[in-house]
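S.K.: In full-length UniProt numbering, the protein residues as written are 1 to 118. A single structure is presented below for examination.
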C-alpha cells in the first residue's frame with residue numbers, strides 16, 4: 001500500500017544586504033519567485049548586467065553589456081536590487097545586530113508575499 005505525503009516546502013529565509021550582488025541576487029530572486037524562500041535583511045546591490053570583454057588589436061579590451069538578468073517572474077535586478085519581505089531597522093549592517101526579523105515577520109513574508117499566488 002502506497003502513501004503520498006503532501007509535505008509543505010521547507011521555509012527558507014535568505015539574508016540580503018547591500019553586499020548581495022550578481023549571482024547571489026539571481027539565486028535569491030529565483031527562490032523567491034518559485035515560492036521556495038522568503039527574503040530578509042536589507043535591499044540587495046542591484047547588479048544584473050551580463051558583460052563581455054572583446055579584445056582589440058592593440059591588446060586593450062572593450063567591455064560591453066550584452067544582456068540583463070531577470071528573475072523568473074520577469075523582475076529586473078539592475079540598479080534596484082531585490083527588496084526583502086522582512087526588513088531590518090537600525091543604522092548598522094552587522095549580520096547579528098538587533099533587531100533581527102522575528103519568526104512572525106518571516107511567517108508573514110512567507111504566507112502573504114512569497115506564496116500569495118501559489
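Built from N, CA and C at the ideal position, the CB exists for glycine as well.
1. Which one or two residues does DSSP pair with residue 53 in a beta bridge?
2. Please state if the CB of residue 14 and the CB of residue 30 are separated by a distance shorter than 8 Å.
3. State the start and end residues of the unbroken alpha helix (DSSP H) segment that holds residue 14.
4. Which residues does DSSP pair with residue 68 in a beta bridge?
5. With distances taken Cα to Cα, identify the nearest neighbour of residue 80 among 12, 52, 54, 22.
6. Do you know offhand how far residue 76's Cα is from residue 49's?
7. For residue 56, count neighbouring Cβ atoms within 10 angstroms of its own Cβ and tell me buried if that reaches 16, exposed if not.
8. Excluding the 5 residues flanking residue 44 on each side, which residues of the same chain have their C-beta closer than 6 Å to its C-beta?
9. In angstroms with no decimal places, state the Cα-to-Cα distance between residue 27 and residue 53.
10. Short of 6 Å in beta carbon distance, which residues of its chain neighbour residue 84, apart from the five on each side in sequence? Order them along the chain.
11. Could you tell me the alpha carbon to alpha carbon distance between residue 58 and residue 70, rounded to whole angstroms?
12. Cβ of residue 51 within 8 Å of Cβ of residue 63?
M.R.: Inspection of the coordinates gives the following:
1. 63
2. no
3. Here residue 14 belongs to no alpha helix (DSSP H); instead the beta strand (DSSP E) covers 13-16.
4. 49
5. 22
6. 10 Å
7. exposed
8. 16, 20, 25, 81, 82
9. 24 Å
10. 16, 39, 40, 41
11. 35 Å
12. yes
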